[in-house]
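Novice:
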Amino acid sequence: MQLVADLLGLDRWDLERWLPGFVTSVDHSRGADLDRSAGAWFQVGRPLLALLAIGPTGVTLAVPRVEWQGPADPVLRSEDQRHVPFGDLLADLVPVHLDEVVRIRRSRFHTCVDCEQDKPPEWMEGDLCHSCMERNHGVVF
Ligand SMILES: [Zn+2]
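In this note's numbering, the protein residues as written are 109 to 249.
Right, here's the structure in full:
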């Protein structure tokens, strides 16, 4: 979080108000297909709610989408990218786009019929989440 704040030249506490939860660097060695020219990518939230890249000209925000290329082979992609250039409006525009990105992402979550929790689509198979499929239905991933 402090690294992101420093990169943006923003106060850490402002940033924490905007970002819904945990921020980590995207690990490109673990299946990420993101536009590296946008800069350094960070994932926000657990479960994942938003992607944020800090590049030479500004900040890119995007809706995360995870595709399974195999049972243990998730690939992280971005959708609906928005670019906010560095400048006076950055602190106004980043939260607006971030809210929108998180809203779109959350609208794709599904409620598992077993545990009744909202889960991201990549953790679901039909009406069941992967945890419940393993725990209650004997499915091995
Ligand atoms: Zn479940």
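Glycine included, C-beta positions come from ideal geometry on N, C-alpha and C.
(1) Which word fits P193, buried or exposed, when buried means at least 16 other C-beta atoms lie within 10 angstroms of its C-beta?
(2) Would you report the Cα separation of L236 and V183, rounded to the nearest angstrom?
(3) Determine, using beta carbons only, whether T165 and D143 come nearer to each other than 9 angstroms.
(4) Whole angstroms is fine: what's the gap from H114's alpha carbon to D222's?
(5) Counting along the chain, where does the beta strand (DSSP E) carrying G134 start and finish?
(6) Our contact map puts A146 next to A161 with C-beta atoms below 8 angstroms; I'd like the distance itself, whole angstroms only.
(7) Could you tell me which of R120, R154, R185 and P179 sits nearest to H57, measuring between CA atoms?
(8) Run through DSSP, which three-state label would C223 get?
(9) Helix, strand or coil for L160 per DSSP?
(10) Secondary structure at M232, three-state DSSP: helix, strand or coil?
(11) Per DSSP, which one or two residues make a beta bridge with E175?
(12) Would you be able to state if there are at least three C-beta pairs under 8 angstroms between the stretch 147-157 and the stretch 214-233?
(13) Which value, in whole angstroms, describes the spacing of the CA atoms of V204 and G246?
(14) Mapping the DSSP letters down to three states, classify L118 as helix, strand or coil.
(15) Please tell me whether L127 and L206 are closer than 9 angstroms, where the distance is taken between their beta carbons.
Specialist: So, from the listed chains and residues:
(1) exposed
(2) 21 angstroms
(3) no
(4) With the sequence shown as reference, residue 114 is identified as Asp, and His is not the correct amino acid for it. Rounded to the nearest angstrom, the two C-alpha atoms are 42 angstroms apart.
(5) Correcting the residue identity first, residue 134 is Val in this sequence and not Gly. Note, V134: premise wrong, no beta strand (DSSP E); not H, not E.
(6) 4 angstroms
(7) A question about residue 57 goes unanswered here, because the residues of the chain that appear run from 109 up to 249.
(8) coil
(9) strand
(10) strand
(11) V183
(12) yes
(13) 43 angstroms
(14) coil
(15) yes
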